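Chemist:
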Amino acid sequence: MADPIFGRLDWTVTPFDDFFRDPSINEGVAAAAASAVPLGAVAVIAFLTWKGLWGPLWRDWLTSADHKKIGIMYFVLAGVMMLRGVLEGAVMRTHQVTALDGGVLSAEHFAQLFSTHGTIMIFFVATPLITGLMNYVVPLQIGARDVAFPVLNQISLGLTAAGAGLVMISLVIGKFGTGGWTMYPPYTGTTFSPGPGVDYWVWAIGISGIGSTLAGINIAVTIYKKRSPGMKFLRMPIFTWTSLCTAIMMIYAFPALTVSTAMLALDRSLDFRFFTNDLGGNMMQYANIFWMFGHPEVYIVVLPAYGVFSEIAATFSAKRIYSYNSMVIATSAIAVISFTVWLHHFFTMGQGASVNAAFGIATMIIAVPTGVKVYNWMATMFRGRVRLSVPIIYLVGFFFLFVFGGLTGVILANPTIDYQVHNSQFLVAHFHNVLIPGVLFGVLAGVHYWFPKAFGFRLHEGPARLEAYLWFGGFSLAFLPLYWLGLMGMPRRSASYDNPAFEPAMWLAVVGAAMVVGALGVAIWNFWASARDREALACPVGDPWDGRTLEWSIPSPPPEYNFYALPRVNTVDAWTVEKAVGHPYEMAPRYTDIEMPRSTAMGVVIGGASAAMGFAITWWIWWLAALSFAVIVAALIARAFVRETTRTIKAVEVEVAHRAFLREASRTPAVGRDDEIAPDNLGHARPAVPA
Amino acid sequence: MSSSAHPGINLGGGDPKAQRESETPAFGFWVFLMSDLIIFGVLFAHYVVMTGARAGGPGPSTLFDLRSVAAQTFLLLASSFTYGMASLALKHQRQVRPVAIWLIVTAALGAAFVLLELRDFVNMVGEGGPPQRSGFLSALWALTGLHWLHVTAGLVWIATMLALLSRFGLSDRNKTRLLLLGLYWHFLDLIWIGILSVVYLGGLA
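Line by line, the protein sequences give chains C and H.
Under full-length UniProt numbering, think of the first position of the first sequence as 1, with each following residue one higher.
Under full-length UniProt numbering, think of the first position of the second sequence as 1, with each following residue one higher.
1) For the region 33-51 of chain H, which residues have a CB atom closer than 8 Å to at least one CB atom of chain C, in sequence order?
2) Hey, out of C/R598, C/W622 and C/R673, whose CA is closest to C/E644's CA?
3) Could you spell out where the alpha helix (DSSP H) holding residue 692 of chain C opens and where it closes?
4) Between which residues of its own chain and C/V221 is the CB-CB distance below 6 Å, once the five residues before and five after are set aside?
5) Using a Cβ-Cβ distance cut-off of 8 Å, determine whether H/S2 contacts chain C.
6) What is the DSSP secondary structure of C/G7, reduced to helix, strand or coil?
7) Assuming C/T131 and C/Y224 make a contact with CB atoms under 8 Å, what is their CB distance in whole Å?
8) At 3 residues or longer, what runs of the beta strand (DSSP E) sit wholly inside the region 88-158 of chain H?
9) Buried or exposed for H/S2, going by 16 or more other Cβ atoms inside 10 Å?
10) Quick check: what's the CA-CA separation for C/R93 versus C/T182?
11) Listed in chain order, which residues of the region 270-283 of chain C have Cβ atoms closer than 9 Å to some Cβ of chain H?
12) Straight-line CA distance for C/V434 to C/A314?
13) Tell me the start and end of each unbroken beta strand (DSSP E) in the region 142-214 of chain C that is at least 3 residues and wholly inside, in chain order.
14) Could you spell out the range, first to last residue, of the alpha helix (DSSP H) harbouring C/P369?
15) Which partner residues does C/T595 have in the DSSP bridge list?
16) Can you tell me which residues form a DSSP beta bridge with C/L100?
17) Identify every residue that forms a DSSP beta bridge with C/S424.
18) Measure the beta-carbon distance from H/F113 to H/L75 and round it to whole angstroms, keeping in mind my assumption that it falls under 8 Å.
19) Can you check whether the C-beta of residue 249 of chain H is within less than 8 Å of a C-beta belonging to chain C?
20) Kindly list, in the order they appear in chain C, the residues whose Cβ is closer than 9 Å to that of H/L164.
21) Measure the alpha-carbon distance for H/V198 versus C/F293 and round it to whole angstroms.
22) Apply the 10 Å Cβ neighbour rule to C/E467 and answer buried if 16 or more other Cβ atoms are within range, or exposed otherwise.
23) Please name the residue, chosen from C/D543, C/V80, C/A318 and C/N414, that lies closest to C/V671 on a Cα-to-Cα basis.
24) At 8 Å on the CB atoms, spell out the chain H contacts of C/P255, in chain order.
25) Which residues bound the alpha helix (DSSP H) around C/V604?
26) Is any beta-carbon of chain H found at less than 8 Å from that of C/Q285?
27) I'd like to know whether the C-beta of H/T167 is nearer than 8 Å to at least one C-beta of chain C.
28) Once you ignore the five residues that flank H/Y200 on each side, which residues in its own chain have a CB closer than 6 Å to its CB?
29) Could you spell out where the alpha helix (DSSP H) holding C/E535 opens and where it closes?
30) Candidates C/V372, C/V301 and C/F339: which alpha carbon is nearest C/M327's?
31) With which residues is C/A519 paired in a DSSP beta bridge?
32) Using a Cβ-Cβ cutoff of less than 6 Å, which residues in the same chain neighbour C/W620 once the five nearest sequence positions on both sides are dropped?
33) Any idea which residues DSSP pairs C/F457 with across the strands?
34) Could you list which residues in chain H have their beta carbon closer than 9 Å to that of C/Y252, in chain order?
35) Smallest Cα separation from C/R686: which of C/M81, C/W545, C/P500 and C/T549?
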């Protein structure tokens, strides 16, 4: 029944078709969203052609194996996806104020919205944001020139982008699945979901999940093997520690996702019986295997955010992090315990009271190390000289909101309570309450903190503060009322409701959603305005915040080899100690030739072929699937025969560059912390408090 | 900057430069194998959960042919031994020829394993046991099939390795690749021992 060339593709698969047949608001929203993808693509293509940027884009970015550029590209990808995810959230909230006994969107459309929203926010926003952050920051913090496997790094990004691309294509060609971001069978089996929607999810997640496994391997090996001389484990910055624990968790957790999606794919494409209703299939195994990944994933995305908060709490309080060792122990404890709690995602599945009790207790225990961290951050700020600038605003917002979300998690950890509120809006409130103030606030604080390092100029402080307050207020209005709705009995994922008592809270939530969209708008405007005023915001010497760790000792933006000479480390907060009692900004005794990876198209080829393969299997275009797979294998084999994979930067060249940087540093007046956000701050910090 | 060599297989003290350069890739590959082990671990666990889910379909006693399994075990273990000989040749003789010959012997044994198991798969379909028949059979095919795919990929890797050897000789990078390929090949042995014990011996016990 499938065409040999086009599979099950034909001209009726776009939402435009439905809109012309039935011009309703529901179909109009779908068609408008579907138009945004090709229109956005055309706009980008036109812009690149107009500015003549295709060559630089290809040479300097897409084929670059530089960890800093790959990190930034992860952010660009996550930013585009976040735009869609947030707008979907706003559309759902708008629908819900009309949803008393009906609503403007159809139930199926609403189901697609919450499925893509969740899928995008977890896999294509949170995960690439933290992967990008680790990619950019970790090598700079440990004094390395690049990650352990630069080309593999590029391939990881390619695979993640392939998955994101599939989710975007699903807007225009066909429809996405309606099974929520977890896509539980048997509903998502071929019996109940025969269309291509679930296949899009399976292949988007399967492909990007492999990319995340490889990214985890890369970051862990980088931290184990590439630290600069003297950087012992207990001298690493806390962000690097959280990255190490996250990377290890990625290595162990993402394979479970690979297995669960591969099994669902086999069920769907080859008629296997893993999770079917008939012939011995067991759908409970899907929930089991999926959450073996899914719960650690929560901590995979939140641990680096904890790392960011540790860095900024110390830097913006001009104090050493309180109780470094307990931070390390708490981070490691979270990483281990997070593998022992996955069953709390399905307490009601019927595994019995004693099993539930064990997992409930483990879930409560994991709150303890997080509590330790919150106290440590507060103790770091206590009697510090705190500057209440953007990162600290996020941190303080996090204190209030995240602790609240964590406590509702402890409530949910009790199986008897979970039986009452599971699958209700209470749960929706809870996980947004940990993911937004936890992960997103952390990443936004980190963006503000490291942006000047990456681009050589600061972001405007005023709009960024407005953005932070909008996030705080918007989040609170959009999600805290949902606890109330949950306790009133409103189920999650319901397209309409018949209880008028739900409506006032829904109106509060839509106001919050509007504020969140506003925050996103301010953020975009601020990126543009700061880039416009980059002369006034420049900080080329690279230390605008009086930083404590190695990345602040090099210029902004850093040279592609990061360090002119590898630093020797003999303490935590090495750069602060160097500024206080050592000799910052000095020539190295000697310089060596530096080998850096050459550019390669491997990431683009593997990512492109993977996306084509996923698309082909989704639409049963078997020849294209086979061809794409062959391209992947051939590219990997051909790569082994490439002899010149690195190029050498001469020691003399490095020495000249270093001398020029030191001249600039000595010319630049040092500024104190009172002038931190003034135009005078060119990135040369006058240390305020010794060590 | 760790100075300790990666555990187990290495190039010995006679070739410090290649040894040093192989350290990060070898460590990275160990980590990769650990994540691959999680994949197999989940499939083992799933298989054990699903042993009863036969839905009236055939079970181990009708499907498993222990003589064939014994032959496969012998072939795969022998191929690991011959790969060990290749590693020793790399370490002590340092010539392409003996390394290549042992690689070819390894590939021949591996190919025999792959073909024998393929015959078993065909026989299972003939006896009414394709993966679509029951939850149990899906789990069985996923576990053994993934191992089979790994060995097949290993054969492609050995073929590529031979081409790389003929092209570049025993370069430092090729030495590293031979180390990684060895880790991979022995790893597949380990998985097979698990399959032999849990699936075949466990199923017929």
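For every residue, glycine included, the Cβ atom is placed at its ideal position computed from N, Cα and C.
Please read these numbers as outputs of a predicted model, since none were measured by experiment.
Modeler: Inspection of the coordinates gives the following:
1) Close to chain C, meaning a Cβ-Cβ distance shorter than 8 Å, are the following residues of the region 33-51 of chain H: M34, S35, D36, I38, I39, V42, L43, H46, V49 and M50.
2) With distances taken between Cα atoms, C/E644 lies closest to C/R598.
3) The structure shown does not extend to residue 692 of chain C, since chain C is modelled only from 1 through 691, so no value can be given for it.
4) Cβ within range, chain order: A148.
5) Caution is warranted here: a pLDDT of 41 is assigned to H/S2, below 50, making its placement in the model unreliable, and the coordinate value is therefore given only provisionally. Output row for H/S2: interface = yes.
6) C/G7 carries a strand assignment under DSSP once its states are collapsed to helix, strand and coil.
7) Contact between C/T131 and C/Y224 is ruled out by a C-beta separation of about 18 Å, above the 8 Å threshold.
8) Entirely contained in the region 88-158 of chain H, not one beta strand (DSSP E) run reaches 3 residues.
9) Note that H/S2 scores a pLDDT of 41, beneath 50, so its modelled location is shaky; the value from the coordinates is reported in the next line. That one is exposed.
10) In this structure, the CA atom of C/R93 is about 21 Å from the CA atom of C/T182.
11) Answer set for the region 270-283 of chain C: L270, D271, F272, R273, F274, F275, T276, D278, L279, G280, G281 and N282.
12) Distance between the alpha carbons of C/V434 and C/A314: 23 Å.
13) Correct list: empty.
14) Membership of C/P369 in the alpha helix (DSSP H) is indicated by the continuous run A367 to M381.
15) A small correction: the amino acid at residue 595 of chain C is Glu; Thr does not occupy that position in the sequence shown. As computed with DSSP, C/E595 is found in a beta bridge with C/T648.
16) For C/L100, DSSP records a beta bridge to C/Y497.
17) Assignment of beta-bridge partners to C/S424 by DSSP yields C/P491.
18) Between H/L75 and H/F113 the Cβ distance is about 4 Å, and since that is below 8 Å, they are a contact.
19) Residue coverage of chain H in this structure runs from 1 to 205, which leaves residue 249 of chain H outside it and unanswerable.
20) Contact of H/L164 with chain C by beta-carbon distance below 9 Å involves A640 and F641.
21) Taking the straight line from one Cα to the other gives about 24 Å.
22) Burial call: buried.
23) Measuring from the Cα of C/V671, the nearest candidate turns out to be C/D543.
24) By Cβ distance, chain H contributes S35, D36, I38, I39 and V42.
25) Per DSSP, C/V604 belongs to the alpha helix (DSSP H) from M602 to T618.
26) Among the residues facing chain H, C/Q285 is included, as its CB has a counterpart in that chain under 8 Å away.
27) First, the residue type needs correcting, since residue 167 of chain H is Arg and not Thr in the sequence shown. With 8 Å as the cut-off, H/R167 counts as an interface residue toward chain C.
28) Counting only Cβ-Cβ distances below 6 Å, and skipping sequence neighbours, we find F64 and V69.
29) According to the DSSP assignment, C/E535 belongs to no alpha helix (DSSP H), since it is labelled neither H nor E.
30) Taking each of C/V372, C/V301 and C/F339 in turn and checking the Cα distance to C/M327, the smallest one comes out for C/V372.
31) Its beta-bridge partners do not exist; DSSP assigns none.
32) A2, G7 and R8, listed in sequence order.
33) For C/F457, the beta-bridge partners assigned by DSSP are C/A538.
34) M34, S35 and I38, listed in chain order.
35) Of the listed residues, the one whose Cα sits closest to C/R686 is C/W545.
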